[in-house]
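Chemist: A single structure is presented below for examination.
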Amino acid sequence: MLGSERMKQITERLLTYSTAQQTEVVLFSEDTYLTRFANSRIHQNVAERNAQIRVRAVAGQKVGVASTNDLSDAALQRVAENALQIASLQPDNPDFQSLPAPQPIPEVKAFVQATASITPQERAQAVATVCKLATERGLIASGAYSSATTEYAVANSHGIFAYAPQTLSELSAVVMSIDSSGYASSSSLDVRQIDPEQIGREAVDKATRGRNPKAIEPGEYTVILEEYAVATLMTYLSYLGLGALSVQEGRSFMANRFGQRITGDNISIWDDGLDTTGLPVPFDFEGVPKQRVELITDGVAKAVVYDSYTANKEGKQSTGHALPAPNTYGPLPSNLFLGAGTSTKEEMLASIDRGLWVTRFHYVNPVHPLKTILTGMTRDGTFWIEKGEIQKPTKNLRFTQNTLEALSRVRTITEQTRLSRSFFGGIRVPALCIDRFAFTGATEF
Amino acid sequence: MKDLAERALNAAQLQGASYADARILQRKTQSIVVKNGHVEALAQDDDQGFGVRVVVNGAWGFASSSVLTLDEATHVAARAADIARASSLVKIHDVTLGPPEVHVSRYETPVEVDPFSVPLQDKIALLLAADAEMRHIKGIAITESNMEFVQVEKVFASTEGSYIEQKLVESGSGMEATAVSEGEVQTRAFPNSFGRQQGKAGYEFVRDRKLVENGQRVADEAVSLLTAPQCPSGITTLILDSTQLALQVHESCGHPIELDRVMGEEASFAGTSFLTQEKLGSYRYGSPIINIYADATIPGALGTFGYDDEGVPAQRAAIVKGGIFSGYLTSRETASLLGARSNGTMRADGWNRIPLIRMTNINLEPGTWEFDDLISDTDDGIYMAINKSWSIDDKRLNFQFGTQLAYEIKKGKLGTMLKNATYTGITPEFWASCDAICSEKHWQIWGLPNCGKGEPMQAAHVAHGAAPARFRNVRVGIA
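This is the structure in structure tokens:
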């Protein structure tokens, strides 16, 4: 780890080297490990140490960005010069106003020493636990166990300095037989919360119960979407329309619909960068503190997240959701939550006369972004439900579904939620029971 | 560079490595985005570091660092060896790499004009001109155009005696116009979606793209799509343009022929493959006119290089011959399990990643048809062009694609423009239904700079050549 003081020294040094009217420095350091297994053996096992410095130089209304991962004095001077030179060579961008001013940054405890200290041998032992559970049942295990320590600091010539360290550990497993597979995963800031035995058992159980799957006809069915599947849908929903730029450009499903009901009244979605049950970071890549933003409340479209650029356009305050510069996609939620309910998966199952249990989705992509129509495949544990019980495993199906319409037909929501990683941070969601979820195709396994 | 590589390899051997390789890499990337008439993003990124891959106790370990010093080389090699020893706690068999690969060589991408020598102002002026052309069209809400230039200098050294230097250069550009109305958003990209058309070439590759000349046309198409009728649902004849067919090759052929996928090494993330080993040499993948080759030696193509990141020379390999599945993309380790030699497809996305089997240039060979004849010969169907949406299952069988542009085909003529076109199918059934491929005159290679694979995720730069082709009895209009 570089630590707060060392990162402050580096960013200050760079600010002194810069002759731009305004300068922003983002310093990102990582120490990451990932142990990957397949065919019940470790086949890839990697480590990386890196530190990258990214400089945004402002000359009037011109902005240039340069980066390097060489932290020598000569390289820091060069990257400061490069950023300013790049800025000076371009025409004005009238939409750019200024880098943000300093604000108090709240503290968040997102660094866990146990995660930073885990050894390759300890990760191998955890992998061995998963593999043993699989091989005992004649199954094959694959997956990945990662641990990461990241630090980032943002400083600018208006006086911002913000620093945050974070740890993250994740274990995922896919356990396979000749005709079935099962999935489980767990993510946490604290490696001690990762239970390889529980992950292994969950994946083995799915693979075992999935043997000899039957084909079923595509159609509209009531579904139980486990948290893994819900996290994927919500990640895409967030990407498609919960940032301010997508609204300003008219490509968001939220555009012109604030104050209107867009999902069922049992759906609430918010972003909270300080919530330690997610993957919290107290400030964004401009050093602006993260605000809690109520995005959809009781089914009503409320707000989207902003960075300083999109906020300036509307005369608003940034909510602290800037991505690293240069960024043409706009701000995005980074620690997203879908509100829990009061149900259990067992109660959901008991309530369904005919339907499907979906563990997770694979290769999801938007078909019609504005209408929130997504398509993707089921994977690693899909089961047919009849009269309140799982009757048989099924071959995998393709869904093509309007996500907002699906969220308007949520019958029940679990009390239990699960943390996953999204495109840009964390996402914590419950499982959902949804009526008339559209499956439009089938595959051969 | 050589000192650092030697230090890392020596340190690895002192730590008990039976095999080690070191890759040292310096990458420079320049990216420019013009959006709605302004320069929205302009960045130069410099990245450097090295990675050491070792086999200790018959198992793999890898460590990497951005600090290019001899002391760090010693530390990183020791860390890689320690990680390999941990890997050996959960092994079934020892790693085998087959016969040694020993090459001492240098390769450089041939370029006419070094893209980093071209003044930034010239590049910005070209993008602003293209942007202005798109913005001439009433009803356009968002315009975006971009260029990207990459220069990678890398060294590969191994304990088997290889020492290979490469300098790879890429240039790319593209643009898109988006029209928005109540309840509808339509985007048209040129010359391809996924941001841009990119090649292993100099600035000449960008200069020849004709962005400005096509600006008004693509913008006009985006606006027209807002009020175009929805693509109908049903079973029909489908003709794909070469860009969409390139992605079809990528998803339904390029990925399932990766031998690491076939052997289960990507099972937990990207998935496995329907092209299992017993199918090699006998399985009917498509109709007899389907011939697909992997070729990492095509001048200017994005998936072209001199040596892969295991130090194996770039080469051409048959994948599908006369419709029969004939070959995989391989690494040294996976090829040795088949009793074969690697066909040189292992590539890493930087110094901090291990090489994986990646597509190179995977190309559908041209047929004999003229495009106009193909349309004239089609009584009823749909022509689809330029990808908009893509999805495929984890064995690469059930796929669904959407395209930005489509036209109905009636009595041998292109007719009404259609919006939100989609088609779906099962890979071998789809390729078996191909009854016509256009000639070399219509064949083009398309760079795809965002192929994702692996954990941690790696983005590969690959390419696919294709000419328009016709497929019978395809299900269209899913959403």
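Respectively, the protein sequence lines represent chains A and B. If you count the first sequence from 1, position 383 lands on 451 in our numbering, and the numbers rise without skipping. If you count the second sequence from 1, position 25 lands on 977 in our numbering, and the numbers rise without skipping. Note that beta-carbon positions come from the ideal geometry of N, C-alpha and C, so glycine has one too. Note that the structure is a prediction, hence the values are computed from the model and not measured.
On the CB-based measure, 16 or more other CB atoms within 10 Å of its CB, does A/R504 come out buried or exposed?
Modeler: The residue is exposed, with fewer than 16 neighbouring Cβ atoms inside 10 Å.
Chemist: Using the three-state DSSP reduction, which class does B/K1090 fall into: helix, strand or coil?
Modeler: B/K1090: coil per DSSP, three-state reduction.
Chemist: Pick from B/L1192, B/L1289, B/Y1235 and B/R959: whose alpha carbon is nearest that of B/I1276?
Modeler: Of the listed residues, the one whose Cα sits closest to B/I1276 is B/Y1235.
Chemist: Indicate the three-state DSSP secondary structure (helix, strand or coil) for A/T480 in the structure shown.
Modeler: Looking at A/T480 - three-state DSSP - the assignment turns out to be strand.
Chemist: Establish whether the CB of B/G1091 and some CB of chain A are separated by less than 7 angstroms.
Modeler: Not an interface residue.
Chemist: Please report the residue range of the beta strand (DSSP E) in which A/G509 lies.
Modeler: A/G509 -> beta strand (DSSP E) spans G493 to A510.
Chemist: Measure the alpha-carbon distance for B/S1114 versus B/E1024 and round it to whole angstroms.
Modeler: Spanning the two alpha carbons is a distance of roughly 22 angstroms.
Chemist: Specify, as a first and last residue, the run of the alpha helix (DSSP H) that B/H1027 falls within.
Modeler: Element bounds for B/H1027: L1022 to S1039.
Chemist: Decide if the segment 132 to 142 of chain A is in contact with the segment 991 to 998 of chain B; the criterion is three or more beta carbon pairs, one per stretch, under 8 angstroms apart.
Modeler: Because the criterion of three Cβ pairs below 8 angstroms is met, the segment 132 to 142 of chain A and the segment 991 to 998 of chain B touch.
Chemist: Mind the definition here: the segment 954 to 967 of chain B touches the segment 310 to 327 of chain A only if three or more C-beta pairs lie below 8 angstroms; say whether that holds.
Modeler: Counting Cβ pairs under 8 angstroms, fewer than three are found: no touch.
Chemist: Among A/N150, A/A184, A/V432 and A/F164, which residue has its Cα nearest to the Cα of A/S86?
Modeler: For the residues A/N150, A/A184, A/V432 and A/F164, the minimum Cα distance to A/S86 belongs to A/N150.
Chemist: So, are the CB atoms of A/E483 and A/T410 less than 7 angstroms apart?
Modeler: Closer than 7 angstroms, so yes.
Chemist: The alpha helix (DSSP H) with B/D1172 in it runs from where to where?
Modeler: Segment L1163 to T1179, the alpha helix (DSSP H) holding B/D1172.
Chemist: Report back the beta-carbon spacing between B/V1042 and A/C199 to the nearest angstrom; my notes put them in contact at under 8 angstroms.
Modeler: That belief holds up - the Cβ atoms of B/V1042 and A/C199 are roughly 6 angstroms apart, short of 8 angstroms.
Chemist: Just checking, does the segment 1162 to 1182 of chain B make contact with the segment 1070 to 1083 of chain B on the three C-beta pairs under 8 angstroms criterion?
Modeler: The segment 1162 to 1182 of chain B, when compared against the segment 1070 to 1083 of chain B, does touch it at the 8 angstroms Cβ threshold.
Chemist: For chain B, find out if any of its Cβ atoms is closer than 7 angstroms to the Cβ of A/L472; answer yes or no.
Modeler: No, because no Cβ of chain B sits closer than 7 angstroms to the Cβ of A/L472.
Chemist: Does the segment 1176 to 1185 of chain B touch the segment 169 to 180 of chain A, meaning 3 or more C-beta pairs lie closer than 8 angstroms?
Modeler: Because the criterion of three Cβ pairs below 8 angstroms is not met, the segment 169 to 180 of chain A and the segment 1176 to 1185 of chain B do not touch.
Chemist: Keeping to the same chain, check which residues put their C-beta closer than 6 angstroms to that of B/V1054; ignore five residues upstream and five downstream.
Modeler: The residues are E1112, G1113 and S1114.
Chemist: Checking 7 angstroms against the spacing of the C-beta atoms, do B/Q1356 and B/R1140 come in under that value?
Modeler: Yes, they are a contact pair.
Chemist: Cβ atoms of B/D1345 and A/T303: under 7 angstroms apart, would you say?
Modeler: No, the pair does not count as a contact, with Cβ atoms beyond the cut-off.
Chemist: Tell me whether A/F353 sits in a helix, a strand or coil according to DSSP, three-state version.
Modeler: Reduced to three states, the DSSP call for A/F353 is coil.
Chemist: Per DSSP, B/W1342 forms a beta bridge with which residues?
Modeler: Its beta-bridge partners are B/F1353.
Chemist: Taking 7 angstroms as the CB-CB limit, is A/Q165 close to chain B?
Modeler: It does not; no Cβ of chain B falls within 7 angstroms.
Chemist: Let's see if you can read the secondary structure: which residues bound the beta strand (DSSP E) around A/Q120?
Modeler: Its beta strand (DSSP E) spans residues R109 to A127.
Chemist: Listed from N- to C-terminal order along the chain, which residues in the segment 1335 to 1356 of chain B have their beta-carbon within a distance smaller than 7 angstroms of any beta-carbon of chain A?
Modeler: Within the segment 1335 to 1356 of chain B, the qualifying residues are S1341, W1342, S1343, I1344, D1345, D1346, K1347, L1349, N1350, Q1352 and G1354.
Chemist: Note down, in chain order, all residues in the segment 962 to 992 of chain B with a beta-carbon under 7 angstroms from any beta-carbon belonging to chain A.
Modeler: So the close ones are V985, K987, H990, V991 and E992.
Chemist: I'd like the span of the beta strand (DSSP E) that includes A/W425, first residue to last.
Modeler: It spans R422 to H436 - the beta strand (DSSP E) in which A/W425 sits, taken as one unbroken run.
Chemist: Would you say B/L994 reaches chain A, if we count a Cβ-Cβ gap shorter than 7 angstroms as a contact?
Modeler: Closer than 7 angstroms: yes.
Chemist: Relative to chain A, which residues along the segment 1252 to 1271 of chain B have a C-beta separation below 9 angstroms, given in chain order?
Modeler: Within the segment 1252 to 1271 of chain B, no residue qualifies.
Chemist: Output needed for B/V1132: all residues of its chain with C-beta closer than 6 angstroms, excluding positions within five of it in sequence on either side, in chain order.
Modeler: Closer than 6 angstroms at Cβ, skipping near neighbours: A1093.
Chemist: Could you spell out where the alpha helix (DSSP H) holding A/K76 opens and where it closes?
Modeler: Where A/K76 is concerned, the enclosing alpha helix (DSSP H) stretches over G71 to Y85.
Chemist: Can you give me, in chain order, the residues of the segment 128 to 142 of chain A that have a beta carbon less than 7 angstroms from any beta carbon in chain B?
Modeler: Within the segment 128 to 142 of chain A, the residues whose Cβ lies closer than 7 angstroms to some Cβ of chain B are G132, V133, A134, S135, T136, N137 and D138, listed in chain order.
Chemist: Spatial neighbours of B/G915 within its chain, please: CB distance less than 6 angstroms, with the 5 preceding and 5 following residues excluded, ordered by chain position.
Modeler: Missing from the structure shown is residue 915 of chain B; chain B here goes from 953 to 1431 and no further.
Chemist: Taking 7 angstroms as the CB-CB cut-off, is B/L1041 touching chain A?
Modeler: By this cut-off, B/L1041 is an interface position.
Chemist: Would you mind telling me which residues of chain B sit closer than 7 angstroms to A/G423, beta carbon to beta carbon, in chain order?
Modeler: Residues of chain B passing the Cβ test: none, with the nearest at roughly 21 angstroms.
Chemist: Any Cβ of chain B within less than 7 angstroms of the Cβ of A/L301?
Modeler: By this cut-off, A/L301 is not an interface position.
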